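Colleague: Following this message is one structure expressed as structure tokens.
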Amino acid sequence: MADAFSPQQVAAALSNLAASAAPLQMYAQTLLQQPVVSMDEVPSLATDLQEAHAVSRFCVDSVLPQAFRVDAAAIGFSNQLLAMYPEFLVLARQIDGGGPASQDATARFIEGLELLCKNLTQQGPAIADLAAQASALSTRAAQVSTKLTADAQAAAGSQEIADLQQQINDTLAAIDADCQVISNGMSGTNKALVKLAIQEFNLEDDAKAGVKAFVGFILDVANENSAVIEAQNDIQRQLKTLASLYAQISPLLVEAAVAQNAASEAALFSTNATRTQQAALALGQAWLALQQGFESLAAALQSGTATEPLAPQLSDCQAAWEALLDGCKSWQTIGLFPVTVLPPQDAAAA
């Protein structure tokens, strides 16, 4: 019970949830930008691209909004707890000191714990719903990824194209690694300066043609962290590499470039959907553990079982709850990150 008031587990899960949301939204909206193309040699490609659109729409319209509702629930609980902190500290010191006043203080302290548990119980279904939606998203994203990977392999047709497809895949993976650095480096003060960008590539000489590729990445215009700055610079290098690869593959078979690009983006989308699922499950477990900790402490106080001093526990945890609240408010203020579709690059002319 020494950690009954610690928000460490909840804070870690919420942080992971917020960190996964930016790349998850990025890949979902990148896939939504990708036009559906057809290949006679790969009749399933168009259908699978349409399914990628549907899964991405589910992510943007349902899963991410539910994550924001859970974040709002965390804000509500944190506000309630911090509002009760002054009285909790007074009561805790009376309980720790013993004497005639401790009995009444104990009863009032237990009432406060019961109010907190009631709040935690009320928010439990929202977290469970997020976990269920994130699980469904992870499953559907994995299925789409598998299908598009098979389409890309079928679209290759030659070893030369297959080699270029692998280089495209490796380059997109490098961009994803950079985006993870940027996402994990976000702080409560600079999230408002973060944007999602989608780079369009024309894969044919005719810019009006429907055969295009879209690549998403994260722009952190605050650039407060050296690792983030290097990741931003590397993304630009990787985008130039992509333009060169698309230029090489376009004269051979533009649809193969689209298939590989979509397959790679879908695979990364699936990976980030799994991260979101894991964060949602961890949050549910942490939320329940927090409630059980309060219940155990209340039961111990009710029965007169000796507990570790309460006032130091409360004092040690207050700053952590304030930090959690600030982080949740920052994410809530932003909601879905703004998305910028950058002017197209003509890969065919690169």
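Heads up: the sequence shown at position 304 corresponds to 959 in our numbering, and the numbers run straight through without jumps. Virtual Cβ for every residue (Gly too), placed ideally from N, Cα, C. These numbers come from a predicted model, not from an experiment.
Evaluate contact between the stretch 773-791 and the stretch 933-948, counting only Cβ atoms and requiring at least three cross-stretch pairs below 8 Å.
Modeller: yes
Colleague: Taking the straight line between their C-alpha atoms, what separation do you get for residue 759 and residue 978?
Modeller: 32 Å
Colleague: Rounded to whole angstroms, how far is the Cβ of residue 704 from the Cβ of residue 688, which I believe are closer than 8 Å?
Modeller: The Cβ separation is near 11 Å, so there is no contact.
Colleague: Within this structure, are the beta carbons of residue 719 and residue 921 separated by less than 9 Å?
Modeller: no
Colleague: Where do the N-terminal and C-terminal ends of the alpha helix (DSSP H) with residue 806 fall, by residue?
Modeller: 756-811
Colleague: Over the uninterrupted alpha helix (DSSP H) stretch that includes residue 985, give me the two end residues.
Modeller: Looking at the DSSP string, the run of the alpha helix (DSSP H) that includes residue 985 is 965-989.
Colleague: Might you give, ordered along the chain, the residues of its own chain that have their beta carbon closer than 6 Å to the beta carbon of residue 994, omitting 5 neighbours on each side?
Modeller: 684, 851
Colleague: Residue 853 and residue 997: beta carbons closer than 9 Å?
Modeller: yes
Colleague: So, are the CB atoms of residue 676 and residue 986 less than 9 Å apart?
Modeller: yes
Colleague: Identify every residue that forms a DSSP beta bridge with residue 895.
Modeller: Beta-bridge pairing links residue 895 to no other residue.
Colleague: Check the C-beta distance from residue 918 over to residue 804 and give it rounded, since I have them as a contact under 8 Å.
Modeller: Contact between residue 918 and residue 804 holds, with the beta-carbon distance rounding to 5 Å and staying under 8 Å.
Colleague: Alpha carbon to alpha carbon, how far is residue 778 from residue 728?
Modeller: 6 Å
Colleague: How big is the Cα-Cα spacing for residue 792 and residue 712?
Modeller: 10 Å
Colleague: Going straight from the alpha carbon of residue 915 to that of residue 982, what length do you get?
Modeller: 37 Å
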